[in-house]
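Colleague: My structure is below; once you've seen it, I'll send some questions.
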Amino acid sequence: MKRLHSDLSLLFVLGFFTLFSNVCSDLVISKLDRQIDLSSQIVRFTTSLKVENNGAEAVSKVLLPYPESQAKNLAFLSVTITEGKGKTKTSSDRLYVDVSHPEGMPPSLTWYAVSLPKEVSKGGSLTLEVKAVFTHLLTPFPEKITQADAQLVAFQDSAHYLSPYAVKIQSLTVKLPEPKVESYTRLENTKFSGSEIKYGPYENIPPFSLPTIVVHFVSNKPFSVAQELVREIEISHWGNVQVTENYNLVHAGAELKGEFSRLDYQARPHVRGASALSSLVARLPARAHSIYYRDEIGNISTSNVYSDSAKTLLEIEPRYPMFGGWRTAFTIGYGLPLQDFLFKSEGKRFLDITFGCPMNDIVIENLIVKVVLPEGSNDISVVAPFSIKETRETKLSHLDIAGRPVIVLEKTNVVPEHNQNFQVYYRFSSFSLLREPLMLVFGFFLFFIACIAYVHADFTISKSSPSYIAKLQWDEVQTAIQQFQNIMNRVLVIHNKLEASLRDLSRTGDVQACKAARKTADAFLKELTKESKPLLSFLQSSPQALQITPKVDELVIKERELQEKLMLKHSMVVDSYEKKSGGRDIDNRVAAVQQKITLLRQEVDDLLEVIDEI
Amino acid sequence: MAAQETSQSAIFRHAFGNVLSFTVLLLIGVMAFSIRLFSVIKYESVIHEFDPYFNYRVTQFLTKSGVYDFWNWFDDRTWYPLGRVIGGTVYPGLTLTAGTLWRILNSINIPLSVETVCVFTAPVFSAFASWATYLLTKEIKGAGAGLTAAALLAMVPSYISRSVAGSYDNEAVAIFALIFTFYLYIKTLNTGSLFYATLNAIAYFYMVCSWGGYTFIINLIPMHVLLCIVTGRYSPRLYIAYAPLVVLGTLLAALVPVVGFNAVMTSEHFASFLVFIIIHVVALVYYIKGILTPQMFKVAVTLVVSVGMVLCFAVLAVLIALVASSPTKGWSGRSLSLLDPTYASKYIPIIASVSEHQPPTWPSYFMDINVLAFLVPAGIIACFLPLSDASSFAVLYIVTSVYFSGVMVRLMLVLAPAACIMSGIALSEAFDVFTRSIKFHLVGTTQNPQENAGDATKVTQNDVKSEKSEDTVKERSSRKSKKKDKENIEKPSLVSRVEKRLLVLPLETSVMAVFLVVLLGAFYVVHCVWAAAEAYSAPSIVLTSRSHDGLHVFDDFREAYAWLSHNTEVDDKVASWWDYGYQTTAMANRTVIVDNNTWNNTHIATVGTALSSPEKAAWDIFNSLDVKYVLVVFGGLVGYPSDDINKFLWMVRIGGGVFPHIKEPDYLRDGQYRIDSQATPTMLNCLMYKLSYYRFVETDGRGYDKVRNTEIGKKHFKLNHFEEVFTTHHWMVRIYKLKSPRNRIRGKTKRSKSQKSGTSKRSTRKKNPWQ
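Heads up: the protein sequence lines correspond to chains D and V, in order.
This note's numbering numbers the first residue of the first sequence as 4 and each following residue consecutively.
This note's numbering numbers the first residue of the second sequence as 36 and each following residue consecutively.
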């Protein structure tokens with residue numbers, strides 16, 4: 004409330020100022036209609052003024068002054084020329100508005116000069132519509148309330164339009180969110196009806212006349228203010244535009260004092276917690292997908308998505324209902340199909356996407372929009388409908404080498420009126436798209452090559468070291484043993500064959516075939532013994548084979564024994580067949596030998612296994 | 036020509052076998068990773084439970100400030116006003132691992148957040164752990180058993196419970212370190228290579244960095260060494276496996292700040308030193324035996340034994356005196372409770388109050404290791420056929436871990452790998468026998484033609500081989516080609532060997548048995564997937580319940596923490612029971628009085644006393660601790676059973692342990708803990724009761740507590756010294772603010788003075804330091 008008072012005094016001082024300054028212009032505002040919309044925390048002034056040129060010279064500029072207290076909270080200002088009335092009303096494009104410093108004017112005012120598309124000649128007139136959007140103009144009073152109290156806010160302005168020009172007829176309408184007013188300044192011609200307060204019409208008001216009005220009313224809408232919003236728009240030419248928005252939200256209304264009782268809030272949310280912010284609705288573009296809503300400690304489960312062909316509505320609730328003065332921070336993110344937002348023109352690509360945040364009724368004190376272009380983009384330029392501070396960064400992300408160019412756009416005091424599209428133009432060759440996959444392919448290729456090289460290369464440091472030589476010798480011994488084993492195995496196979504031939508004999512009684520088998524087996528065995536001789540001598544001579552040699556020798560002996568017994572058995576059986584003895588008789592004779600054979604066979608197998616394990 | 040083809044096909048078959056086992060291992064790794072992702076898919080990618088939040092916070096600090104600041108980190112946001120030296124009291128293995136992972140990923144421009152890295156550390160390391168299991172089991176019983184054991188470990192529920200995505204706790208990496216250390220020990224034991232011995236010491240160092248459970252290793256390995264010596268299995272390989280481990284391992288362990296001189300000062304490590312001495316004595320004896328004649332040796336033995344006995348007694352006496360002079364007999368509380376399962380409940384309520392320090396129940400064995408419990412005995416039998424150094428280690432491992440798991444639920448985790456190894460061996464052996472029998476029967480029917488064919492191949496194989504071996508002799512026979520040769524040779528001799536074995540079962544039996552074993556495995560898989568999906572993937576900070584009208588999400592904890600972090604001053608102190616300390620510091624970034632690192636019993640007792648005191652006394656205690664907010668967890672509205680009222684008796688017990696004016700019987704009516712109208716006045720007037728049930732009666736008009744299933748005893752009351760500042764949506768977390776003291780008025784001070792004198796009289800009796 005202190006600020007309010009100082010502003011008031013300032014305004015009164017201004018009133019005196021005007022007596023001194025002689026307004027140079029010959030313009031006169033013949034009719035002025037002002038509407039102030041206080042239904043939300045964003046205060047919207049809509050002023051339509053009919054400007055007449057009573058002077059001699061043609062005028063190309065119209066001056067719009069705002070007091071300092073308002074100017075510093077001015078978020079958005081647009082001026083259009085309207086023609087016609089009612090339904091036939093047409094409005095032109097937005098006119099160019101610039102800050103100017105006219106001479107002889109009080110310095111505590113901020114002046115905006117509207118450049119008219121064509122000059123207003125003597126006697127001519129035109130209708131301007133000025134739309135000004137302010138933030139932080141409403142002051143909660145009292146500043147602290149309990150959970151049960153309604154939120155009261157105060158608004159102050161002048162009943163007359165602040166203008167360097169004389170105004171013939173003017174009126175003011177103040178629109179309130181609810182028909183509940185604590186108090187309002189009563190001047191002549193003041194009318195309060197419903198949720199509207201009307202001041203005027205007033206006639207022939209001189210320039211800089213400022214009778215102050217103060218409206219103190221109930222506004223239970225939450226004052227959600229994003230102290231900082233960082234929007235990161237990342238373009239992937241693989242088909243996605245990823246938007247990530249980091250909010251830092253505060254309820255800037257009257258602060259909660261005393262207890263917060265969940266019980267009261269749950270029982271009567273509209274009474275106990277009327278001004279609490281319980282949910283927000285983000286209006287995302289159609290075909291938004293992969294939507295998420297989280298904060299730094301994880302997903303927030305209280306959200307809903309409704310989508311149709313025109314839009315996607317994301318309804319989110321903060322983790323807790325936000326009372327005055329409470330803060331929260333969260334992130335929402337979503338993906339958008341690339342073809343809806345990225346276009347081509349004259350060899351350049353351009354991104355066309357909205358600037359502001361997708362939630363209505365949020366004031367953003369500091370908005371940072373980062374557009375991350377794919378690596379290798381160049382020739383970048385930004386086209387925006389209003390002035391924005393622009394800087395550049397690079398961002399290193401997946402598989403980047405040089406980094407992705409990032410355009411950082413900063414703007415303070417952003418309101419929903421700023422939700423206009425802006426464009427980022429850049430050049431990007433389609434080949435760059437393949438760079439990263441190729442890099443991966445090449446990387447894996449190199450890795451496999453390296454593996455192959457490693458497997459085939461010999462990394463021994465010294466070829467003459469004793470351990471290396473010992474290893475070589477050991478390898479030799481091992482190969483020798485393997486060969487020996489191989490021979491042994493083949494010998495055993497021949498043994499098996501002999502046995503098989505005996506079985507055949509018992510089945511067919513063909514002695515000749517059996518004898519032939521015996522002969523070939525003998526030849527084979529002889530050959531194999533010959534073959535094994537050099538191996539054995541090598542093993543005996545090698546120092547590395549000391550441990551194995553006894554086993555090998557044993558094996559050789561056993562095998563020989565086995566062979567002998569087998570031969571014995573064979574010849575016995577063949578003999579008895581030749582003598583035509585009975586089957587049982589043969590069995591009896593052979594039994595002892597057979598027993599020995601199985602025993603020996605067992606031993607040989609065991610020995611083979613032992614050697615195998617070495 | 037055809038023969039050459041077959042020999043080549045044998046080489047290919049071998050290569051195929053290698054590739055197959057590699058692929059199988061890779062798939063096991065993928066499975067181990069992905070079975071742990073249920074928590075991310077069903078819930079979200081978030082850190083779980085309590086301790087992981089602390090580890091996450093430490094990792095955040097590490098990545099932000101670097102390693103040196105991490106070692107010197109004095110955390111003033113916890114244990115207020117004492118603070119905690121994090122760098123010196125934390126096992127840094129996990130955080131360093133995740134921090135390094137994060138750094139590597141970021142240095143190659145993969146911008147993952149620290150949280151993501153932390154969440155997925157455990158699944159990644161469980162893949163590593165299953166590979167380590169493969170290596171270990173391969174050393175014990177061959178590759179087949181290795182693969183089976185790896186597959187079993189990849190999905191054993193006990194391990195899953197500790198390593199789902201988000202469960203960012205020490206055990207996640209420690210189990211890998213444990214198995215890998217054992218593998219390197221066995222590898223050294225099998226090869227006698229000093230290289231592996233050094234690696235073993237490094238792996239042990241990593242284990243020491245990661246988890247306090249490293250004492251299990253440093254006691255188990257000496258036990259095994261002793262076992263080997265006693266059973267006459269001493270060999271130089273054993274010496275190489277053990278001696279460097281003790282020397283290097285102890286030196287390295289002492290480098291870890293949290294262990295430091297404990298590595299040589301506490302009794303947990305003494306066994307290893309004792310065995311170190313013994314193995315040297317044994318080595319000396321073997322050496323002397325080698326150079327002396329048998330007679331001389333006998334003389335020497337009698338001489339040494341008589342002198343040695345005297346010396347031993349002297350040393351033993353000194354040791355006992357030293358150990359006896361320290362208050363806990365040189366053992367830390369947790370280790371003591373391992374040896375004496377009843378120790379904790381008798382002496383340390385703070386250890387006993389943690390559910391995971393309780394002995395497990397029988398169903399929990401079935402829940403956590405499932406069919407493995409039945410396969411383990413078979414595995415033990417298989418380990419004795421034949422008994423080798425490695426398999427005796429496996430047997431010892433399973434026996435000790437079964438004992439430890441019987442003491443503490445938490446140590447079920449150590450049992451799980453042992454059970455997997457044993458079951459892997461058992462399953463693999465069973466399959467071996469059954470498939471061999473089947474093969475034998477199938478081969479037996481078509482024996483003759485095969486034999487003929489086999490003969491031809493064998494002869495030519497030999498030619499090929501001799502050529503080859505000549506080549507290798509000329510150049511340098513690589514190990515691989517050698518193996519290939521070996522493999523080829525084994526084939527022909529197989530026939531005879533199969534005939535030799537008498538372990539051949541009838542075809543029908545073995546087919547049936549294989550089918551049953553597969554069925555058993557399938558049951559295990561189903562159970563594991565169920566456990567991973569349903570039982571163990573809840574992050575416990577988000578609760579869900581399914582009812583007839585859909586899924587309910589209870590996200591109250593984070594609601595409260597988010598509220599604290601955004602709507603209180605940065606330096607405000609929040610008091611709560613210690614369970615929520617880690618979460619409060621990590622998620623709300625507020626200073627807490629006590630947390631889950633229960634290092635100061637008195638401090639916890641102070642908070643316990645405050646919560647069990649009447650309002651005014653509690654306010655005094657909290658105010659003296661500079662507390663601004665008090666946080667209680669209350670499940671009565673929605674039926675969340677692990678709330679503060681259910682934990683309250685522990686608070687009373689721990690508080691009463693230090694401040695005798697808090698007496699447990701005061702809170703019990705006839706030995707029963709109740710909060711209904713029968714409850715004692717002390718109970719109904721204590722702060723915990725009041726903060727939990729403040730205005731609770733107004734919700735349904737009668738104050739029906741859904742957890743205790745009764746109406747509360749005292750329904751309408753006001754708080755004089757506390758005010759409710761926040762309650763979450765389901766009332767699960769309630770936050771109260773200490774009211775600032777009233778301005779002093781003359782008359783009142785006098786009265787309070789007179790009151791004070793009254794209380795001081797009482798305090799001399801009750802000895803309450805806060806009054």
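Where a beta carbon is used, it is the ideal one built from N, C-alpha and C, also for glycine.
Let me see if you follow: with CB-CB separation under 8 Å, is V/I175 close to chain D or not?
Modeller: For this step, residue 175 of chain V is matched to residue 140 along the second sequence. Between V/I175 and chain D, the shortest Cβ-Cβ separation is not below 8 Å.
Colleague: Drop a sphere of 10 angstroms on the beta-carbon of D/D478, count the other beta-carbons inside from all chains shown, and report buried for 16 or more, exposed for fewer.
Modeller: Taking the first sequence and counting its residues from 1, one reaches residue 478 of chain D at position 475. So D/D478 ends up on the buried side.
Colleague: Using 10 angstroms around the beta-carbon of D/F462, count the other beta-carbons present and answer buried if the total reaches 16, otherwise exposed.
Modeller: Within the first sequence, numbered from 1, the residue matching residue 462 of chain D stands at position 459. That one is exposed.
Colleague: Should D/I39 and D/V366 be called a contact, given that it needs their Cβ atoms to be closer than 8 Å?
Modeller: Stepping through the first sequence from its first residue, residue 39 of chain D is reached at position 36. Stepping through the first sequence from its first residue, residue 366 of chain D is reached at position 363. Not a contact, by the Cβ cut-off of 8 Å.
Colleague: Please report the residue range of the beta strand (DSSP E) in which V/S582 lies.
Modeller: As a working mapping, residue 582 of chain V is identified with position 547 in the second sequence. Start and end: 578 to 582.
Colleague: Kindly list, in the order they appear in chain D, the residues whose Cβ is closer than 8 Å to that of V/R471.
Modeller: Here residue 471 of chain V refers to the residue found at position 436 when the second sequence is read from its first residue. Chain D residues near V/R471: none, gap ~15 Å exceeds 8 Å.
Colleague: Could you tell me whether the Cβ atoms of D/L81 and D/K125 are closer together than 8 Å?
Modeller: By one-based count along the first sequence, residue 81 of chain D stands at place 78. By one-based count along the first sequence, residue 125 of chain D stands at place 122. The question names Leu, yet the displayed sequence has Ser at residue 81 of chain D. For D/S81 and D/K125, no; Cβs fall outside 8 Å.
Colleague: Give the interface partners of V/D590 over in chain D, defined as CB-CB distance under 7 Å, in chain order.
Modeller: Here residue 590 of chain V refers to the residue found at position 555 when the second sequence is read from its first residue. Near V/D590 (Cβ distances below 7 Å), the residues of chain D are S304.
Colleague: Which residues share a DSSP beta bridge with D/P70?
Modeller: Taking the first sequence and counting its residues from 1, the one referred to as residue 70 of chain D is at position 67. The partner list for D/P70 (beta bridge, DSSP) reads D/L112.
Colleague: Should D/W329 be flagged as near chain V, meaning a C-beta pair shorter than 8 Å?
Modeller: Counting from one through the first sequence, the residue named residue 329 of chain D turns up at place 326. D/W329 has a beta carbon lying within less than 8 Å of a beta carbon in chain V.
Colleague: Roughly how many angstroms separate the alpha carbons of V/V191 and V/L754, rounded to a whole number?
Modeller: By 1-based counting over the second sequence, the position of residue 191 of chain V is 156. By 1-based counting over the second sequence, the position of residue 754 of chain V is 719. Between V/V191 and V/L754, the C-alpha separation is close to 50 Å.
Colleague: Assuming V/I214 contacts V/T168 (C-beta within less than 8 Å), just tell me the rounded distance between them.
Modeller: Locating residue 214 of chain V in the second sequence gives position 179, where the first residue counts as 1. Locating residue 168 of chain V in the second sequence gives position 133, where the first residue counts as 1. Confirmed, about 5 Å.
Colleague: Which residues in chain V sit within 8 Å of D/L399, going by Cβ to Cβ distance?
Modeller: The residue given as residue 399 of chain D occupies position 396 in the first sequence. Correct list: N144, P146.
Colleague: Under 8 Å, do V/S648 and V/I680 count as touching if we go by C-beta distance?
Modeller: Along the second sequence, read from residue 1 onward, the residue named residue 648 of chain V stands at position 613. Along the second sequence, read from residue 1 onward, the residue named residue 680 of chain V stands at position 645. For V/S648 and V/I680, no; Cβs fall outside 8 Å.
Colleague: Around the Cβ of V/F589, are there at least 16 other Cβ atoms within 10 angstroms (buried) or fewer (exposed)?
Modeller: If you number the second sequence from 1, residue 589 of chain V lands on position 554. With at least 16 other beta carbons inside 10 angstroms of its own, V/F589 counts as buried.
Colleague: Give the interface partners of V/V81 over in chain D, defined as CB-CB distance under 8 Å, in chain order.
Modeller: As a position in the second sequence, residue 81 of chain V is number 46, starting the count at 1. I300, G301, N302, listed in chain order.
Colleague: In angstroms with no decimal places, state the Cα-to-Cα distance between D/E581 and D/V514.
Modeller: Position 578 of the first sequence, counting from 1, holds the residue named residue 581 of chain D. Position 511 of the first sequence, counting from 1, holds the residue named residue 514 of chain D. Distance between the alpha carbons of D/E581 and D/V514: 7 Å.
Colleague: Here's a check: name, in chain order, each residue in its chain whose Cβ is nearer than 7 Å to the Cβ of V/M242, leaving out the five neighbours to either side.
Modeller: As a working mapping, residue 242 of chain V is identified with position 207 in the second sequence. These residues qualify, in order along the chain: A209, A212, L213, T216, Y249, I252.
Colleague: Which same chain residues, not among the five before or five after D/G203, have their C-beta less than 7 Å away from its C-beta?
Modeller: Translated into positions along the first sequence, residue 203 of chain D becomes position 200. Closer than 7 Å at Cβ, skipping near neighbours: Q173, S174, L175, N192.
Colleague: What is the DSSP secondary structure of V/F401, counted as helix, strand or coil?
Modeller: The count along the second sequence starts at 1 and reaches residue 401 of chain V at position 366. It is helical.
Colleague: Looking at chain V, is there any beta carbon in it that lies within less than 8 Å of the beta carbon of D/E262?
Modeller: Numbered from 1 along the first sequence, position 259 holds the residue referred to as residue 262 of chain D. Output row for D/E262: interface = yes.
Colleague: Quick check for students: name the residue ranges of the beta strand (DSSP E) that lie wholly in the stretch 281 to 333 of chain D, counting only runs of 3 or more.
Modeller: 283 to 288, 292 to 298, 306 to 310, 314 to 319
Colleague: Could you name the residues of the same chain whose beta carbon sits closer than 6 Å to that of V/S436, not counting the 5 residues immediately before and after it, in chain order?
Modeller: Start at 1 with the first residue of the second sequence, and residue 436 of chain V comes out as number 401. Counting only Cβ-Cβ distances below 6 Å, and skipping sequence neighbours, we find V449, L450, A453.
Colleague: Check this for me: beta carbons of D/E55 and D/S94, under 8 Å apart or not?
Modeller: Position 52 of the first sequence holds residue 55 of chain D. Position 91 of the first sequence holds residue 94 of chain D. In this structure, D/S94 does not lie closer than 8 Å to D/E55 by Cβ.
Colleague: Would V/P405 pass as an interface residue toward chain D - the criterion being a Cβ-Cβ separation below 8 Å?
Modeller: What you label residue 405 of chain V is simply residue 370 of the second sequence in a count that begins at 1. The identity of residue 405 of chain V in the sequence shown is Asn, whereas the question assumes Pro. With 8 Å as the cut-off, V/N405 does not count as an interface residue toward chain D.
Colleague: In chain order, what residues of the same chain have a beta carbon less than 6 Å from the beta carbon of V/F761, not counting five sequence neighbours either side?
Modeller: As a position in the second sequence, residue 761 of chain V is number 726, starting the count at 1. Within the same chain, V/F761 has close Cβ partners W598, I770.
Colleague: Counting only C-beta atoms, is D/R322 closer than 8 Å to chain V at any point?
Modeller: Numbered from its first residue, the first sequence carries residue 322 of chain D at position 319. Chain V contact via Cβ: present.
Colleague: Alpha carbon to alpha carbon, how far is D/A74 from V/L578? Give it in angstroms, no decimals.
Modeller: Translated into positions along the second sequence, residue 578 of chain V becomes position 543. Translated into positions along the first sequence, residue 74 of chain D becomes position 71. Cα-Cα distance, rounded: 50 Å.
Colleague: What does D/L402 touch in chain V if you count any residue whose Cβ is under 7 Å from its own?
Modeller: In the first sequence, counting from the first residue as 1, residue 402 of chain D sits at position 399. The contacting residues are N144.
Colleague: Give the interface partners of D/L603 over in chain V, defined as CB-CB distance under 7 Å, in chain order.
Modeller: Within the first sequence, residue 603 of chain D is the residue found at index 600, counting from 1. The premise fails here: D/L603 is roughly 13 Å from chain V at the closest Cβ pair, so nothing lies under 7 Å.
Colleague: DSSP beta-bridge partners for D/G336?
Modeller: Counting from one through the first sequence, the residue named residue 336 of chain D turns up at place 333. According to DSSP, D/G336 bridges with D/T247, D/Y295.
Colleague: Would you call the stretch 560 to 571 of chain D and the stretch 492 to 501 of chain D in contact, with 3 or more CB pairs under 8 Å?
Modeller: They touch, by the three-pair rule.
Colleague: Please classify V/L407 as buried or exposed, where buried requires at least 16 neighbouring CB atoms within 10 angstroms.
Modeller: Taking the first residue of the second sequence as 1, we reach residue 407 of chain V at position 372. V/L407 is buried by the Cβ-count criterion.
Colleague: For a contact defined as C-beta to C-beta under 8 Å, what are the partners of D/L266 on chain V?
Modeller: Position 263 of the first sequence, counted from the start, is the residue given in the question as residue 266 of chain D. Correct list: R730, E733, T734, T762.
Colleague: Are the stretch 136 to 148 of chain V and the stretch 100 to 115 of chain V touching, with three or more C-beta to C-beta distances below 8 Å?
Modeller: no
Colleague: Is D/G350 buried or exposed, if buried means 16 or more other CB atoms sit within 10 Å of its CB?
Modeller: Position 347 of the first sequence holds residue 350 of chain D. With fewer than 16 Cβ atoms within 10 Å of its Cβ, D/G350 is classed as exposed.
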